[in-house]
Amino acid sequence: MKNLVVISIVHVLIASCTLCSFAQSTKTPDRQVAVTIDDLPAGMADHLPASEITAMTGKLLSTLRDQKIPVVGFVNEKKLYKPGEVDERVKALRMWLDYGFELGNHTFSHMSLNQVGLTAWEDDVIQGESVIKLLLAEHKMKLRYFRHPYLDVGRDLETRREAEAFLTQRGYRVAPITLDGWDWMFAGLYEDAKARNDTAFEQQIVKEYLSHHDAEFAYAEQLSVKVVGYEPKQILLLHASDLEADHIGELLDLLRKRGYRFITLEDALGDSAYSLPNTYVGEEGTGWLEQWAITQGKIPQGEPQIAQWVFDRTKQLHLSTGQVSAIPQ
Ligand SMILES: [Zn+2]
Numbered sequence: 036m037k038n039l040v041v042i043s044i045v046h047v048l049i050a051s052c053t054l055c056s057f058a059q060s061t062k063t064p065d066r067q068v069a070v071t072i073d074d075l076p077a078g079m080a081d082h083l084p085a086s087e088i089t090a091m092t093g094k095l096l097s098t099l100r101d102q103k104i105p106v107v108g109f110v111n112e113k114k115l116y117k118p119g120e121v122d123e124r125v126k127a128l129r130m131w132l133d134y135g136f137e138l139g140n141h142t143f144s145h146m147s148l149n150q151v152g153l154t155a156w157e158d159d160v161i162q163g164e165s166v167i168k169l170l171l172a173e174h175k176m177k178l179r180y181f182r183h184p185y186l187d188v189g190r191d192l193e194t195r196r197e198a199e200a201f202l203t204q205r206g207y208r209v210a211p212i213t214l215d216g217w218d219w220m221f222a223g224l225y226e227d228a229k230a231r232n233d234t235a236f237e238q239q240i241v242k243e244y245l246s247h248h249d250a251e252f253a254y255a256e257q258l259s260v261k262v263v264g265y266e267p268k269q270i271l272l273l274h275a276s277d278l279e280a281d282h283i284g285e286l287l288d289l290l291r292k293r294g295y296r297f298i299t300l301e302d303a304l305g306d307s308a309y310s311l312p313n314t315y316v317g318e319e320g321t322g323w324l325e326q327w328a329i330t331q332g333k334i335p336q337g338e339p340q341i342a343q344w345v346f347d348r349t350k351q352l353h354l355s356t357g358q359v360s361a362i363p364q
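Just so you know, we're using my numbering here: the sequence shown kicks off at 36 and counts up by one.
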């Protein structure tokens, strides 16, 4: 009897030690991320009535406010000018500030610095300030952040540096990105599935959107260590869409599971990683981890690929609706 008791105690001890070491090995690291959302008032604003933009904005912002996530939203003011809807579209934008978030400039017409001359691009930056400056002033705030459309920072270093000097002179801080799961691509398919009441396909898209983001986060974390030497305060790029309005809560849970807590963009930019040498230029815009890697002569490898069916269905969708394949990065 006594022996049995001893054996039981040993078993309990072994079990608890196993649990103990399991807990140790799965202890989540302390990670930090700032959330940014581009293409306001909505990525697909040209195809949506103002009432839908307002509903989407309300849903998205309620989740973010309830979960106390600091966010900066980047605006393309051209999307406000739909005849008969200007007031309502401006109101949807104002909601971001009323809910306690911040707005930044993403150019007036989502213009790529790689596709036009510097002067035309600078004009588009200036034109993109008019409404957001007024809205920010109403909330006693100042315009301070800029995000490059398509992450296109210039095709040659002279253009890149001149554009940066122009932005600094106008009082901007460039908002880089380090985490990007290409949510806009899933968002297009999601909106279409929703419009067709195809709930099975909707669920398939959401599942893939979440697993692809998880894989992209893992990739960025390991690339961070290779390039920066540690995991810096990350900056996540998302886009204003029905997909995010309906499912951002699940994406935030996924980030929490990876050990992230949510910080302001200002806090993230205080990380010294954002002062690392960066001479990246090229036809294709890309995130800052890749830019730093290429500056160091390292070729970033192993980025997870988006599933082929997502590309195929997106192509089909553009063919059937006659939409130009806009890439709203
Ligand atoms: Zn964009």
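All residues carry an ideal CB built from backbone N, CA and C; glycine is no exception. This structure is a prediction, so every number in the text was calculated from the model and none was measured.
Just tell me which of 124, 249, 301 and 280 has its CA closest to the CA of residue 268. Here the closest residue by C-alpha is 301.
When you measure from the CB of residue 141 to every non-hydrogen atom of ligand 1, does any distance come out below 7 Å? Shortest gap from the CB of residue 141 to any heavy atom of ligand 1: under 7 Å.
Keeping to the same chain, check which residues put their C-beta closer than 8 Å to that of residue 157; ignore five residues upstream and five downstream. Excluding residues within five positions, the ones whose Cβ falls inside 8 Å are 198 and 201.
One or two residues paired with residue 233 in a DSSP bridge: Residue 233 is not bridged to any residue.
Exposed or buried, which one is residue 234 when buried takes at least 16 other CB atoms within 10 Å? So residue 234 ends up on the exposed side.
From residue 59 to residue 294, what does the alpha carbon distance come to, in whole angstroms? Because residue 59 sits at a pLDDT of 46, beneath the cut-off of 50, its placement in the model cannot be relied upon, and the following sentence gives the value as read from the coordinates. Near 14 Å, if we compare the C-alpha coordinates of residue 294 and residue 59.
Rounded to whole angstroms, what's the CA-CA distance from residue 306 to residue 118? Just pull it up for me. Roughly 43 Å separates the two Cα atoms.
For my contact list, residue 72 and residue 273 are in at a C-beta cut-off of 8 Å; report their separation, rounded to the angstrom. Contact between residue 72 and residue 273 holds, with the beta-carbon distance rounding to 5 Å and staying under 8 Å.
Whose C-beta lies closer than 6 Å to the C-beta of residue 348 among residues of the same chain, with five residues either side of it excluded? Only 224 meet the Cβ criterion.
For residue 244, which residues in the same chain have their Cβ closer than 6 Å to its Cβ, ignoring the five residues on either side in sequence? Closer than 6 Å at Cβ, skipping near neighbours: 221.
Could you compute how far the alpha carbon of residue 330 sits from the alpha carbon of residue 211? Straight-line measurement puts the Cα of residue 211 at about 15 Å from the Cα of residue 330.
Any heavy atom of ligand 1 closer than 7 Å to the Cβ of residue 2? The displayed coordinates of the chain run from 36 to 364. Any statement about residue 2 would go beyond what the structure contains.
Based on the DSSP output, what are the partners of residue 69 in its beta bridges? DSSP, once it has assigned bridges, lists 270 as partnering residue 69.
Note down the Cα distance separating residue 237 from residue 342, rounded to an integer number of angstroms. Cα to Cα, the separation comes out at about 15 Å.
Does the Cβ of residue 346 have 16 or more other Cβ atoms within 10 Å, making it buried, or fewer, making it exposed? Burial call: exposed.
Tell me whether residue 297 sits in a helix, a strand or coil according to DSSP, three-state version. If DSSP states are grouped into helix, strand and coil, residue 297 belongs with the strands.
Rounded C-alpha distance that separates residue 57 from residue 253: Residue confidence for residue 57 is low, a pLDDT of 48 falling below 50, so the modelled location carries little weight; the figure read from the coordinates is stated next. Whole-angstrom Cα-Cα distance: 21 Å.
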